[in-house]
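S.K.:
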Amino acid sequence: MPLRQSDRQGGAGTNLKLTAYKKFPTNYPHRNTDLWLSGKRIDDNIGPYWRIHNKLYDLTDFADRHPGGKMWIEVTKGTDITEAFESAHISGNAEKLLKKFFVKDISTPRNSPYTFHEDGFYKTFKRKVNLI
Ligand code: HEM
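Here UniProt numbering is used: the first residue of the sequence shown is 1, the next is one more, and so on.
1. Quick check on the burial criterion: 16 or more other C-beta atoms within 10 angstroms. Buried or exposed for Lys-17?
2. Is the beta carbon of Ile-132 sitting closer than 8 angstroms to the one on Leu-56?
3. Applying the 10 Å Cβ sphere with the 16-neighbour rule, what's the burial state of Gly-39?
4. Closest to Ile-52 by C-alpha separation, out of Arg-127, Pro-25, Ser-112 and Phe-125, would be which residue?
5. Among Asp-44, Val-75, Asn-93 and Glu-86, whose alpha-carbon lies nearest the alpha-carbon of Pro-67?
6. May I ask you to report which of helix, strand or coil DSSP gives Ser-112?
7. Please check the pair Asn-130 and Ser-87, which I expect to be a contact at CB under 8 angstroms, by giving their CB distance rounded to whole angstroms.
8. Who are the Cβ neighbours of Ser-6 in its own chain at under 7 angstroms, not counting the five residues just before and after it?
9. Is it true that the region 77 to 85 meets the region 30 to 50, where meeting means three or more beta-carbon pairs spaced less than 8 angstroms apart?
10. Is Leu-59 closer than 8 angstroms to Phe-101 when the C-beta atoms are compared?
11. If we ignore side chains and look at the alpha-carbon of each, how far apart do Tyr-114 and Glu-83 end up?
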């Protein structure tokens, strides 16, 4: 059965208003992680890269060396990993390392409501944790 736009945005049966971003990826109703990620890959549309904020990275050679395990990097190829990246690393080491893998800037808006502004809650929280 073809998806209605309302199903894609808020899940079947909800009354959520359409928002500027898709709450679930294109094939969200198929509930398993591989399909969720392949739907996200279609929606994020960044080719063979990884997106963090408004930059694309090639993490191919980094996957085996990732201290958090190669699985995270491998399964997220072709997607926007901003939320995962920001929430899994507190110290700032990951951000420094990231520069080595920069490929190019990207101007299409991220499909997410989270901004991670320098003076926003999340970045401020991380800075305070690092001072402890
Ligand atoms: C899908 C994206 C990613 C996820 C889910 C992820 C997840 C994780 C996890 C779970 C850890 C272990 C944290 C701990 O044991 O305290 C870790 C550590 C680490 N990751 Fe990632 N990671 C991702 C992407 C990256 C990227 C792109 C880089 C840099 C190029 C990176 C660099 C590091 C570093 C340096 C550490 C060691 C801990 C630290 O210094 O913060 N990670 N990651």
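Ideal Cβ placement from N, Cα and C applies to all residues, glycine included. Please read these numbers as outputs of a predicted model, since none were measured by experiment.
M.R.: Reading it off the structure:
1. Position 17 of the sequence shown holds residue 17. Caution applies to Lys-17, whose pLDDT of 46 falls short of 50 and renders its modelled position unreliable; the value that the coordinates give is listed next. Exposed, since its Cβ has fewer than 16 Cβ neighbours within 10 Å.
2. Within the sequence shown, residue 132 is the residue found at index 132, counting from 1. Within the sequence shown, residue 56 is the residue found at index 56, counting from 1. Contact: no.
3. For the purposes of this step, residue 39 is identified with residue 39 of the sequence shown, where counting begins at 1. With 16 or more other Cβ atoms within 10 Å, it is buried.
4. On the sequence shown, position 52 is the one that residue 52 refers to. Checked all of Arg-127, Pro-25, Ser-112 and Phe-125; the closest Cα to Ile-52 is Ser-112.
5. Stepping through the sequence shown from its first residue, residue 67 is reached at position 67. Closest by alpha carbon: Asn-93.
6. Your numbering for residue 112 matches position 112 in the sequence shown. DSSP places Ser-112 in coil when its eight states are reduced to three.
7. Position 130 of the sequence shown, counted from the first residue, corresponds to residue 130. Position 87 of the sequence shown, counted from the first residue, corresponds to residue 87. 15 angstroms between Cβ atoms; not a contact.
8. As a working mapping, residue 6 is identified with position 6 in the sequence shown. Note that Ser-6 has pLDDT 40, beneath the 50 cutoff, so the model's placement of it is unreliable and the number below is only indicative. Excluding residues within five positions, none has a Cβ falling inside 7 angstroms.
9. yes
10. In the sequence shown, the residue the question calls residue 101 occupies position 101. In the sequence shown, the residue the question calls residue 59 occupies position 59. A contact, by the Cβ cut-off of 8 angstroms.
11. Mapped onto the sequence shown, residue 114 falls at position 114. Mapped onto the sequence shown, residue 83 falls at position 83. Roughly 8 angstroms between the two C-alpha positions.
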